[in-house]
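Student: I'd like to ask you about the structure that follows.
2 protein chains.
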Amino acid sequence: MPNVFSADLKRGSMALLVLSVLDAETRHGYEIGKLIELRSGGKLEFKVSTLYSALYRMEGKGWIKGRWVEKAGQRRRCYYTLTDKGRDILALRRQEWTSFTAVVNEVIGVSHA
Amino acid sequence: MPNVFSADLKRGSMALLVLSVLDAETRHGYEIGKLIELRSGGKLEFKVSTLYSALYRMEGKGWIKGRWVEKAGQRRRCYYTLTDKGRDILALRRQEWTSFTAVVNEVIGVSHA
DNA sequence: TTCTTATATTTCGCTATGCGAAGTATCGCG
DNA sequence: CGCGATACTTCGCATAGCGAAATATAAGAA
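For the protein sequence lines, the chains are A and B, in the order given. Quick note on this note's numbering: the first sequence kicks off at 720 and runs consecutively. Quick note on this note's numbering: the second sequence kicks off at 720 and runs consecutively.
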């Protein structure tokens, strides 16, 4: 069941998904991946290499900020928080996504009944 | 106004768009590009290099069939027709697209439960 | 006539992102 | 102890959209 969508379709949606998931609260990498999987009913999955490299890039762009936490009795985790810039990007990406899907639906002939 | 969408977002939508446009009738490359632009209200544009290479790939996969037409008083054009296989792929891609957008909307909280 | 614009297609190298595969390491459970 | 889940790293590959330039013809303006 999982991973039913092509890599090409998924391309470019990672940032939107991660930023959305981090909008409510700070989360660590593994948690972000699992949450996307959970919220999509197991339909949307990204490989760990994809997820972590995306997080790395997004931090480099200043959209998110990572903080390492090492607690006894737990593995080391990097918790990410949305920055102000990240919040702006999220708003833009949401709008772009909505607009894009509407336009594609228009062209491929999905009628708004 | 034109080309407002990122290349990453557009990635993977070309096949769906072309197949959709060819569903009704046979068209040549340039016409397909212009039609996508027109139907999207000028919001969705693909570069010629992108379009023609996509057509080439799709013909190689047997989704469309090209036929060269040279009429006096006209430039040479390659008219593409949807194959049976292409029609099957179109149905699959439409379903994948609908499902994917629904899942992403779910995760990013468009309906927001 | 000449110049410009729209039509119509080709080629080639660049880039970014998702994927596959492998590796490191810790914790809990039977 | 072995196994699976957790948590993250690294590295190379494949591919589709883009940019830029080239080729060529028809129509209309200057």
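Here a beta-carbon is modelled for each residue, glycine too, at the ideal position from N, C-alpha and C.
1) Under 8 Å, Cβ to Cβ, is there at least one residue of chain A near E778(B)?
2) Measure from the alpha carbon of E825(B) to the alpha carbon of each residue in L728(A), A726(A), S739(A), then state which is nearest.
3) Answer yes or no: do V737(B) and I751(B) have a C-beta to C-beta separation smaller than 8 Å?
4) May I have the straight-line CA-CA distance separating L770(A) from A773(B), to the nearest angstrom?
5) Who does Y775(B) pair with in a DSSP beta bridge?
6) Using a cut-off of 8 Å between C-beta atoms, extract the partners of R746(B) located in chain A.
7) Tell me, which residues are paired with T800(B) by DSSP?
8) I need the straight-line Cα distance from G785(B) to L809(B), nearest angstrom please.
9) Taking one C-beta from the segment 790 to 802 of chain A and one from the segment 743 to 750 of chain A each time, how about it: are there three or more such pairs within less than 8 Å?
10) Using CA atoms only, rank isn't needed, just tell me which of D807(B), I827(B), V822(B) is closest to V723(A).
11) Alpha carbon to alpha carbon, how far is Y813(A) from R794(A)?
12) List the residues of chain B that D807(A) touches, going by C-beta distances under 9 Å, in chain order.
13) Rounded to a whole number of angstroms, what is the C-alpha to C-alpha distance between S725(A) and Y775(B)?
14) Looking at the ligand NAP, does it come within less than 7 Å of L757(B), judged from the CB to the closest heavy atom?
15) Cβ of L763(A) less than 8 Å from any chain B Cβ?
16) Within the 8 Å Cβ cut-off, does T769(B) reach chain A?
17) Under the three-state reduction of DSSP, which class applies to R795(B): helix, strand or coil?
18) Quick one: which chain B residues come within Cβ less than 8 Å of G752(A)?
19) What residues of chain A sit near V826(B), judged by a beta carbon separation below 7 Å?
20) Give a yes or no on whether the C-beta atoms belonging to A734(B) and M777(B) are separated by under 8 Å.
21) Would L728(B) and G781(A) be called neighbours here (beta carbons separated by less than 8 Å)?
22) Would L741(A) pass as a contact of I783(A) if the rule is Cβ separation under 8 Å?
23) For R746(A), name the three-state secondary structure that DSSP assigns.
Tutor: Let me lay it out:
1) no
2) Closest by C-alpha distance to E825(B), out of L728(A), A726(A), S739(A), is S739(A).
3) yes
4) 28 Å
5) Note: Y775(B) sits in no beta bridge, so no partner.
6) What R746(B) touches in chain A: nothing, since even the nearest Cβ is about 14 Å away.
7) K784(B)
8) 17 Å
9) yes
10) V822(B)
11) In the sequence as displayed, the identity of residue 813(A) is Arg instead of Tyr. Going by the C-alpha atoms only, they are around 33 Å apart.
12) The premise fails here: D807(A) is roughly 16 Å from chain B at the closest Cβ pair, so nothing lies under 9 Å.
13) 20 Å
14) Inclusion of the ligand NAP in the displayed structure is not the case, the ligand content being empty and no account of it being possible.
15) yes
16) no
17) coil
18) What G752(A) touches in chain B: nothing, since even the nearest Cβ is about 12 Å away.
19) L736, S739, I755, R758, S759, L763
20) yes
21) no
22) yes
23) Assignment of R746(A) by DSSP, reduced to helix, strand and coil, places it in the strand class.
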